[in-house]
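A.B. asks: What follows is a structure written as structure tokens; I'll ask about it next.
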Ligand SMILES: Cc1cc2nc3c(=O)[nH]c(=O)nc-3n(C[C@H](O)[C@H](O)[C@H](O)COP(=O)(O)O)c2cc1C
């Protein structure tokens, strides 16, 4: 990626490169967590980066539940094991065998777990910009999670997103109010190495799609030359 284009920017070339570097080197991490605790100041920095994400109508619908208790983690791990057994059943033959070999969570090994939730009722029933697409509250929460993921990466902290959980049971376990949506369960900890490519790409589950396959021009299905 050439970040040295002659367009004025308040970011220096080095700063631009640092941002793209964080984006390209971000990984979903499920193993090789170090037991080193995450200092409170570092965790707050990362959460503050998340808290500066864009949100529909500036509603900031997210909440971060920081979990360090081994007892709670063990209960979440049970939820994962249960959900994962069911998830494996949708695949057959070799695909199922490969699925079963994948490490898809790092709940117990990571020093910090964070459940990120979305409160659709935050700041009242009418949120600027959310009238036609109510799900924009969850989209906003995902923007916060991406900020967290990138900020953690530059701190040397791996983040693994675990979605293979029954979120109704997770809500009950973490005493999350009925109307609040659990959006992500994240495993976080320092790692001494990040994989150079997604684990699922490495094991041949799926390749990265070529960029040109995911860009249309002017309307659906139209390439640049059409
Ligand atoms: C919404 C969401 C849910 C995910 N859930 C899981 C999960 O349950 N288990 C897992 O191992 N990875 C999960 N991942 C990680 C993806 O598998 C990973 O992002 C993808 O393979 C690309 O790899 P990379 O993040 O290292 O670039 C999830 C990612 C996202 C964005």
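Numbering (the numbering used here), first residue to last: 1105 to 1330. For each residue, glycine too, the CB sits at the ideal point set by N, CA and C.
1) Note the first and the last residue of the continuous alpha helix (DSSP H) segment covering residue 1154.
2) Would you mind reading off the limits of the beta strand (DSSP E) that contains residue 1293?
3) Considering only heavy atoms of ligand 1, does any lie closer than 6 Å to the CB of residue 1166?
4) Going straight from the alpha carbon of residue 1326 to that of residue 1315, what length do you get?
5) Taking 7 Å as the threshold (C-beta atoms), are residue 1299 and residue 1263 in contact?
6) Residue 1249 by DSSP, collapsed to three states: which one?
7) Quick check on residue 1286: buried or exposed, where buried means 16 or more other Cβ atoms within 10 Å of its Cβ?
8) If I'm right that residue 1177 touches residue 1127 with Cβ under 8 Å, what's the distance once you round it to whole angstroms?
9) Compute the Euclidean distance between the alpha carbons of residue 1297 and residue 1235, then round it to the nearest angstrom.
10) Kindly indicate the opening and closing residues of the beta strand (DSSP E) around residue 1236.
11) I'd like to know if the stretch 1274 to 1288 and the stretch 1194 to 1212 are in contact, where contact means that at least 3 CB-CB pairs between them fall below 8 Å.
12) Run the CB neighbour count on residue 1166, radius 10 Å, all protein chains shown included, and call it buried at 16 or more, exposed below.
C.D. replies: The answer reads as follows:
1) In the chain shown, counting from the first residue as 1, residue 1154 sits at position 50. Segment 1144 to 1155, the alpha helix (DSSP H) holding residue 1154.
2) On the chain shown, residue 1293 is found 189 positions in, with the first residue counted as 1. Per DSSP, the continuous beta strand (DSSP E) segment holding residue 1293 begins and ends at 1285 to 1294.
3) Position 62 of the chain shown, counted from the start, is the residue given in the question as residue 1166. Every heavy atom of ligand 1 is 6 Å or more from the Cβ of residue 1166, so no.
4) Here residue 1326 refers to the residue found at position 222 when the chain shown is read from its first residue. Here residue 1315 refers to the residue found at position 211 when the chain shown is read from its first residue. Approximately 14 Å between the Cα atoms of the pair.
5) Translated into the one-based positions of the chain shown, residue 1263 becomes position 159. Translated into the one-based positions of the chain shown, residue 1299 becomes position 195. It is not a contact, given that the beta carbons lie outside the stated cut-off.
6) One-based indexing of the chain shown puts residue 1249 at position 145. Secondary structure of residue 1249 (DSSP, three-state): helix.
7) Counting from 1 along the chain shown, the entry for residue 1286 is found at position 182. It is buried - the Cβ of residue 1286 has at least 16 other Cβ atoms within 10 Å.
8) The residue labelled residue 1177 in the question sits at position 73 within the chain shown. The residue labelled residue 1127 in the question sits at position 23 within the chain shown. With 8 Å as the limit, residue 1177 and residue 1127 do not qualify as a contact, their Cβ atoms being about 29 Å apart.
9) In the chain shown, residue 1297 corresponds to position 193, counting from 1. In the chain shown, residue 1235 corresponds to position 131, counting from 1. One alpha carbon belongs to residue 1297, the other to residue 1235, and they sit about 44 Å apart.
10) Here residue 1236 refers to the residue found at position 132 of the chain shown. It is not in any beta strand (DSSP E) - residue 1236 carries neither H nor E in the DSSP assignment.
11) no
12) For the purposes of this step, residue 1166 is taken as the residue at position 62 of the chain shown. Buried: at least 16 other Cβ atoms inside 10 Å.
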